[in-house]
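All remarks here apply to the structure that follows.
Numbering (full-length UniProt numbering), first residue to last: 1 to 408.
Below you can see the structure in the form of structure tokens.
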């Protein structure tokens, strides 16, 4: 077998094994995923670039690229001239190569999104509610998919490669916090939502924790800034998160790795509590309701909350302190390059929250630790729905899939 080391010498220390191909027979699927992953990461690449990055022979790369082009997954770009020899022809992902549907089931709203192969949103539908009910959710998906698919051309519809569901695992346990009737929430315990939706689809359906899915969206569609190991926090109705290790979404054997909402942090009284009980937007909603302020706009207008007042200042301060402790604690386990914070909130609020977290970390004793850079997420309010859509994309076309397909 021709190896990368034999052809190019010792690989660079920063060149992950995830980017190495193999010319061994039987590895066509792996190599195709590798090529698609690299082209997605770099925007466009020539055959010579891919051969250099992967250690694959020029002949192997040529065969792979030709087949991916014939399958409609790659398209040729304008030739690059000016060098000696034949002009180089970069290849890029074909937006029409595949389509994916993402479903977010949240505590206050559901979203259905259709994206193309580049991750561009082609269609999005949203349904707000006081609490999620299984039957109502399935009806939303049924009507939503009919509408979305009806807007596609037949050849586009045939290229839908899968649907990913992003939802909290064991949703029924949140009945009291979500203010929902316990009997309605208990329906989730006995309902296999993945099977219900799969029965309507002629393509595979995947399921993952909602915050982990949002982390996947940041990994696949976001601007990770080169970080291959980062801890991710998504602040929605409840706080949660995910973990990326060596450029791969890490869900663990049950899909519950990165359950950051359950991480112990100091509470307002100094006693330990969970991150979810401090940093969740539901806590801001409660503070507003206690003052007699109707707060439904937190869920229906995530891009503009308007003037909220002191409750927002207090929430940012307490949430930032809790997130700072969570980041420092996580850093004592994994040497993360970055801590990413995103959420269902206006960009200006997210910026304030991140700035407050940076200030709060500076007040914590981090001796003996190399603390990560704290930065804003780049996907935004729709990260969970886009993360759902990223599940079939990653599972079928990219390297390093860790999709957990399980019932909730």
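Beta carbons: idealized from backbone N, C-alpha and C, even for Gly. The structure presented is a predicted model; accordingly, all values stated were derived computationally and were not measured.
Taking Cβ to Cβ, would you say residue i is nearer than 8 Å to residue j?
i	j	result
residue 217	residue 383	yes
residue 324	residue 281	no
residue 126	residue 136	no
residue 372	residue 395	no
residue 343	residue 235	yes
residue 145	residue 105	no
residue 180	residue 213	no
residue 74	residue 94	yes
residue 231	residue 327	yes
residue 123	residue 109	no
residue 107	residue 237	yes
residue 99	residue 156	yes
residue 346	residue 303	yes
residue 171	residue 185	yes
residue 211	residue 251	no
residue 116	residue 139	no
residue 275	residue 315	no
Along the chain, where does the beta strand (DSSP E) containing residue i start, and where does it finish?
i	result
residue 167	160 to 167
residue 115	109 to 115
residue 127	121 to 128
residue 209	205 to 209
If distances are taken between C-alpha atoms only, which option among the options comes closest to residue i?
i	options	result
residue 254	272, 209, 162	209
residue 292	50, 311, 96, 167	311
residue 77	51, 285, 39	39
residue 375	389, 381, 352	352
residue 222	349, 368, 98, 340	340
residue 133	74, 193, 299, 392	193
residue 59	123, 296, 72, 31	31
residue 329	368, 359, 349	368
residue 63	29, 379, 258	29
residue 266	399, 307, 119, 317	317
residue 381	142, 350, 141, 57	350
Need the endpoints of the alpha helix (DSSP H) that residue i sits in, please.
i	result
residue 375	First-last for residue 375: 373 to 376, but that is the beta strand (DSSP E), not the alpha helix (DSSP H).
residue 392	383 to 397
residue 50	47 to 54
residue 300	297 to 300
residue 77	That residue, residue 77, is in no alpha helix (DSSP H); it is neither H nor E in DSSP.
residue 313	310 to 331
residue 142	134 to 150
residue 154	154 to 157
residue 184	182 to 190
On the criterion of 16 or more Cβ atoms from any shown chain inside 10 Å, does residue i qualify as buried, or is it exposed?
i	result
residue 154	exposed
residue 335	exposed
residue 388	buried
residue 392	buried
residue 271	exposed
residue 47	buried
residue 79	exposed
residue 300	exposed
residue 333	exposed
residue 239	buried
Quick check: the region 154 to 163 against the region 196 to 204, are there 3 or more CB pairs under 8 Å? yes
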